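Chains as they are written, first to last, in the working numbering: chain G, 84 to 215; chain Y, 1101 to 1394; chain H, 397 to 645. The beta carbon of each residue, even a glycine, is placed where N, CA and C say it ideally should be. The model shown is predicted, which means the values in this text are computed figures rather than measured ones. What follows is one structure encoded as structure tokens, with my remarks underneath.
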Amino acid sequence: MKKINPHKTNFIRKVEEISGQNIGLCYQCGTCSGSCPNFAEADILPRQLMRRAQLGMKEDVLQSKIAWVCASCLSCTANCPRGIDIAKVMEAVRLLSLRENIDYVNPRELSQETIAKLPQIAMISSFRKHTA
Amino acid sequence: MKLSYLPGCTLKTKAQDLDLSTVAAMGALGVELEELPRWNCCGTVFSFADDDLMHQIAPVRNLVRAQEQGGEQLVTVCSFCFNTLKRANLLVKENSDKLDTLNTFMDEEEDYKGNVNVVHLLEVLRDEVGWEQIAGKVQNPLKDLKVAAYYGCTLHRPIEAAIEPPNKPEALNDLIKAIGATPVDFPDMTTCCGSYQAVANPEIVINRTREILTSARESGAEMIAVSCPLCECNLKENQKELGELRMPVIYFTQLLALALGVDSHLHQCEQNPADARPLLESKGLIDACSATYI
Amino acid sequence: MDAVETKMIPIYIMGQRYEVPEGLTIMKAMEYAGYQYVRGCGCRGGICGACGTIYRIPGDYKIYSALACQTAAEPDMYLTQLPFFPANHVSSDYAELEGVPEDIYKLYPELFRCVACNACSKICPMDVPVMDVIAYIKRGDIEKAAFEAFDCIQCGLCTSRCFAEAPQFHIMQLARRLYGGKLAPKAQHNAEAAKAVRDGKFNPMLDQLTSMSLEDLKKEYIEREIEPETAGDEWKPKETKWLLEEYLR
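This is the structure we're talking about:
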């Protein structure tokens, strides 16, 4: 039978359920931050997101930008010495907002020029990662 | 040799040159790529959520289509299609419960049995054709051309869906060598171009482009070869924002077609600083009128 | 002689049980049950798309669709009509559209949210392969999309089932309009016929008719040569001088 850790809040359990990852494994080495190409565009580093998630800091996690500037390149995942698929944690964080029907991108608000210029795969992938 | 082929949506519009040069080059190598008679968008990005099968339907439905054709292999050249199809395939092969759920949901389709193999064109070139065979068929060696092989993210990550050991990207380098050009290693061969952030955060993509082009140029490359239509667009379009930092961007299949003496479907895009034609002309590899205009 | 007794069957309209005569269409059964149509009924001929209906049969998990005016009510049908489903229709200036896929992408970018679940095709009462049509549009093949979507009657049931929240029926209509007006090859013979009219080829015939007396005109009408119903493509009238091909030669 699966043990339930009483110290894990519902938020932590939800992140782990969606991502399929044990976020408790993270020992804060920061390799993910070092390999993330987009960390400079966000307010906190991937490592800091992991720590906040471990501590169940729901508001901090959901309001941070890092999961939204993530491009799902999987550099963090490929380099994590603890074997955590951090990209999946990022996805879980995005989905916790998206599943509340809160969009990050509104397809109808994109400029006509953007839609005409970009290849279809740009829009499809963006909407998959950034719309509810 | 005849192989089932899924081109992908973008290859039918903005990246037509990738589709057409792929089919032409493979034809010259004796490989007939047979486009699936019916296919849909693969979804472009793999869904990472453990509890979400809704976004696995699109790729798995394409695997059903490949199964219907009786092919054991499904070839893609778009890196996005490749990664999404391959990962969805692995997911349902390793999780029979998820496959059952998807098969039950898609009750209008035949059940997917998990027997299709998703392969990238570079794998076909390496494993089915072979670098030496390719070298032997080159009509127009791309001498004195220094090409940076840009693999991007999705050909090498995650490890289980990679076309080769991720820390040693070499398939595209080997191809560049086989067609007589000089492959140039550079630090950003597998770093991300910013991908779909082109929609929500275009400044990210501009920054990524700057870094990738700078490192390619400092490593001595004259052009960048790519396989992904989104990498191509990001690296090409954003050069307009980057002043003097210019570098031609080309699909690797166009180089292959050029070397094999078949139609490379090179665009004429005078407005774009990333146009590969002037460089190829200056090397005497194409003359001003030889390329096809599409 | 005994009157033929009509067999009554139970159907459930919005959850309420009614006994209706067997053999009626859903629409007539609803009227028999006392519903008066204000919306949800149009041509009664299966073409206007106003009477989209959703139903289930006990013991079957599937959702079925029908046009109420075309489908016979069956025993134990649980049904509701869905005459209207909210779907954003984006206005555009047709003259400014270019007949390229980007026309559609700009007006309906949400189509890129399609996950290929195929719920749209399954619900379509006209058997339009809606998912495939959206797939064709995603890859820029407006012609294929327009042909595959030809049977769409704009009932909107596809949109009611869409995971991507896309208004497929409006998107498909746009594809048909782009194809019809901007992509389909223009019929060359129409232009030639119009030119023949403008050049006055038919003026002598018209002048002759307008100068005739009423009696002569009636006689001419009654004695006119009529193309037989069984005539094939090769059929020609006895008098060939008014045919366009004569003129073009």
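Within the continuous beta strand (DSSP E) that includes Asn1217 (chain Y), where are the two ends? Element bounds for Asn1217 (chain Y): Asn1217 to His1220.
I'd like to know whether the C-beta of Cys558 (chain H) is nearer than 9 Å to at least one C-beta of chain Y. Answer no: the Cβ-Cβ gap between Cys558 (chain H) and chain Y never drops below 9 Å.
Mapping DSSP to helix, strand and coil, what is Ile1394 (chain Y)? Note that Ile1394 (chain Y) scores 37 on pLDDT, short of 50, meaning its location in the model is unreliable; the coordinates nonetheless yield the value given after this. Looking at Ile1394 (chain Y) - three-state DSSP - the assignment turns out to be coil, as it is neither helix nor strand.
Taking a Cβ distance cut-off of 7 Å, strictly less, list which residues of the segment 484 to 505 of chain H are near chain G, in chain order. Cβ contacts with chain G: Glu498, Tyr501, Lys502 and Pro505.
With 9 Å as the C-beta to C-beta threshold (strictly closer), list the residues of the segment 1203 to 1217 of chain Y near chain H in chain order. Going along the segment 1203 to 1217 of chain Y in chain order, one finds Phe1205, Met1206, Asp1207, Glu1208 and Glu1209 with a Cβ nearer than 9 Å to chain H.
Between Gly552 (chain H) and chain G, is the shortest Cβ-Cβ distance under 9 Å, so that the two count as touching? Not one chain G Cβ lies under 9 Å of Gly552 (chain H).
Could you tell me if Arg130 (chain G) is buried or exposed, where buried requires 16 or more neighbouring beta carbons within 10 angstroms of its beta carbon? Classification of Arg130 (chain G): buried, given that the 10 Å Cβ count is 16 or more.
Beta-carbon within less than 8 Å of Lys148 (chain G)'s beta-carbon, same chain only, minus the 5 sequence neighbours each way: which residues are those? So the list reads Glu124, Ala125, Asp126 and Ile127, once near-sequence residues are dropped.
Give the interface partners of Pro190 (chain G) over in chain H, defined as CB-CB distance under 8 Å, in chain order. Neighbours of Pro190 (chain G) on chain H, chain order: Pro505, Glu506, Phe508 and Arg509.
Shorter than 9 Å from the beta carbon of Thr114 (chain G) to some beta carbon of chain Y? Closer than 9 Å: no.
Nearest-angstrom Cα separation, counted from Gln1354 (chain Y) out to Leu1163 (chain Y): So the two alpha carbons sit approximately 27 Å from each other.
Measure from the C-beta of Lys518 (chain H) to each C-beta in chain Y and report whether the shortest distance is under 9 Å. Output row for Lys518 (chain H): interface = yes.
Indicate the three-state DSSP secondary structure (helix, strand or coil) for Met404 (chain H) in the structure shown. Note: Met404 (chain H) maps to strand in three-state DSSP.
Nearest chain H C-beta to Gly1361 (chain Y) closer than 9 Å, yes or no? No, because no Cβ of chain H sits closer than 9 Å to the Cβ of Gly1361 (chain Y).
Under 9 Å between the Cβ atoms of Ala515 (chain H) and Cys548 (chain H)? Contact flag unset, no.
By how many angstroms is the C-alpha of Asp1375 (chain Y) removed from the C-alpha of Asp1387 (chain Y)? Counting only the Cα atoms, Asp1375 (chain Y) lies some 15 Å from Asp1387 (chain Y).
Could you check whether the Cβ of Gly411 (chain H) sits closer than 9 Å to any Cβ belonging to chain G? False, the Cβ-Cβ gap to chain G never drops below 9 Å.
Between which residues of its own chain and Asp186 (chain G) is the CB-CB distance below 8 Å, once the five residues before and five after are set aside? Here the set comprises His213, Thr214 and Ala215.
Compare the C-beta of Gly166 (chain G) with all C-beta atoms of chain Y and state if any pair is closer than 9 Å. Answer no: the Cβ-Cβ gap between Gly166 (chain G) and chain Y never drops below 9 Å.
By the 10 Å Cβ neighbour count, where 16 or more other Cβ atoms means buried, how is Val1218 (chain Y) classified, buried or exposed? Its Cβ being crowded by 16 or more others within 10 Å, Val1218 (chain Y) is buried.
Residues of chain Y with CB under 8 Å from Leu193 (chain G), in chain order? Neighbours of Leu193 (chain G) on chain Y, chain order: Val1299.
At the 9 Å Cβ level, is Cys1109 (chain Y) part of the contact set with chain H, yes or no? Chain H, which has a Cβ nearer than 9 Å to the Cβ of Cys1109 (chain Y), makes this yes.
Answer with yes or no whether the minimum CB distance from Glu100 (chain G) to chain Y is below 9 Å. Yes, its Cβ sits closer than 9 Å to a Cβ of chain Y.
8 Å Cβ shell around Lys97 (chain G) - same chain, five flanking residues per side excluded: The beta carbon of Lys97 (chain G) sits closer than 8 Å to the beta carbons of Ala175 and Leu179 from its chain, once the five residues preceding and following it are set aside; these are given in chain order.
When you compare the CB positions of Tyr1250 (chain Y) and Ile1306 (chain Y), do they come within less than 9 Å of one another, or not? The Cβ atoms of Tyr1250 (chain Y) and Ile1306 (chain Y) do not sit closer than 9 Å to each other.
Alpha carbon to alpha carbon, what distance is there between Met173 (chain G) and Phe94 (chain G)? Distance between the alpha carbons of Phe94 (chain G) and Met173 (chain G) is about 14 Å.
Along the chain, where does the alpha helix (DSSP H) that runs through Gly1127 (chain Y) open and close? Residues Gln1116 to Ala1128.
Residue range of the unbroken alpha helix (DSSP H) whose run includes Gly419 (chain H): Premise fails: Gly419 (chain H) is in no alpha helix (DSSP H) and is neither H nor E.
What's the call for Arg1161 (chain Y), buried or exposed, on a 16-neighbour Cβ count within 10 Å? A residue is called buried when at least 16 other Cβ atoms come within 10 angstroms of its Cβ; Arg1161 (chain Y) meets this threshold and is buried.
Whole-angstrom distance between Glu1332 (chain Y) and Gln1297 (chain Y), CA atom to CA atom: Rounded to the nearest angstrom, the two C-alpha atoms are 14 Å apart.
Would you kindly report the start and end of the unbroken beta strand (DSSP E) that includes Pro1283 (chain Y)? Per DSSP, Pro1283 (chain Y) belongs to the beta strand (DSSP E) from Thr1282 to Val1284.
Using a C-beta cutoff of 9 Å, does Arg211 (chain G) count as contacting chain H? So yes, Arg211 (chain G) belongs to the interface.
Rounded C-alpha distance that separates Asp1197 (chain Y) from Asn1203 (chain Y): So the two alpha carbons sit approximately 10 Å from each other.
Kindly indicate which residue of H:Glu588, H:Ile622 and H:Glu635 has the alpha-carbon position closest to the one of Glu601 (chain H). The sequence given here places Met at residue 601 (chain H); Glu does not occur at that position. The shortest Cα separation from Met601 (chain H) among H:Glu588, H:Ile622 and H:Glu635 belongs to H:Glu635.
Compare the beta carbon distance of Ala469 (chain H) and Thr402 (chain H) with 9 Å and say whether it is the shorter of the two. Cβ atoms of Ala469 (chain H) and Thr402 (chain H): not closer than 9 Å.
Helix, strand or coil, according to DSSP, for Gly107 (chain G) in the structure here? Looking at Gly107 (chain G) - three-state DSSP - the assignment turns out to be helix.
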